[in-house]
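Okay, so here's the structure we're looking at.
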Amino acid sequence: QTFSLGKKSGKKLYVTNREKMPFSSVKALCTALGATVATPKNAEENKAIQDMASDTAFLGITDEVTEGQFMYVTGGRLGYSNWKKNEPNNYGSGEDCVSLLPDGLWNDISCSSSFLAICEFPA
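Residue 105 in the working numbering sits at position 92 of the sequence shown, and the numbers go up by one each step.
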């Protein structure tokens, strides 16, 4: 696996291998590195992930446990969000994952879609 140079935001470091994959693979990849799927907790972190991605990327947020209640995959409720207008909409009742769009806004999306993998390390 080849990873690009990371990007720091506050105490976090984000890395990507520039590969697109389904959410389960992103989660497994990050876990294997001792990291978690990138999870912005504020606007600064959201911007750092957006700058690094420059494409649609998965975030470490899902509502797989309780429909409509988006939580961090590491546990806990969202303290920050940046949803696109009219999102989350659970389109086709199959959108349990969250993607960061190139403009920095969030969209709920199918976990089986393939998007950029970005992992987060506590720095």
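Just so it is clear, CB atoms sit at the ideal spot from N, CA and C, and this is done for glycine as well.
With distances taken Cα to Cα, identify the nearest neighbour of residue i among the options.
| i | options | result |
| --- | --- | --- |
| T75 | L91, K24 and C43 | L91 |
| W119 | S126, D109, S106 and S94 | S94 |
| S126 | L72, D64 and N59 | L72 |
| G107 | F128, D121 and S22 | D121 |
Exposed or buried, which one is residue i when buried takes at least 16 other CB atoms within 10 Å?
| i | result |
| --- | --- |
| T29 | buried |
| E58 | buried |
| S67 | exposed |
Assuming the contact rule is C-beta atoms closer than 8 Å, residue i and residue j should be a hit. Round their C-beta distance to whole Å, please.
| i | j | result |
| --- | --- | --- |
| S37 | C132 | Wrong, their Cβ atoms sit about 14 Å apart, outside the cutoff. |
Return yes when at least one heavy atom of the ligand FAD lies under 8 Å from the C-beta of residue i, else no.
| i | result |
| --- | --- |
| P135 | In the structure on display, the ligand FAD does not appear, and there are no ligands present to speak of. |
Please report the straight-line C-alpha distance between residue i and residue j, rounded to a whole angstrom.
| i | j | result |
| --- | --- | --- |
| T69 | G81 | 21 Å |
| K33 | E100 | 22 Å |
| A61 | Y104 | 28 Å |
| C110 | R31 | 19 Å |
| E77 | G89 | 13 Å |
| L129 | G23 | 22 Å |
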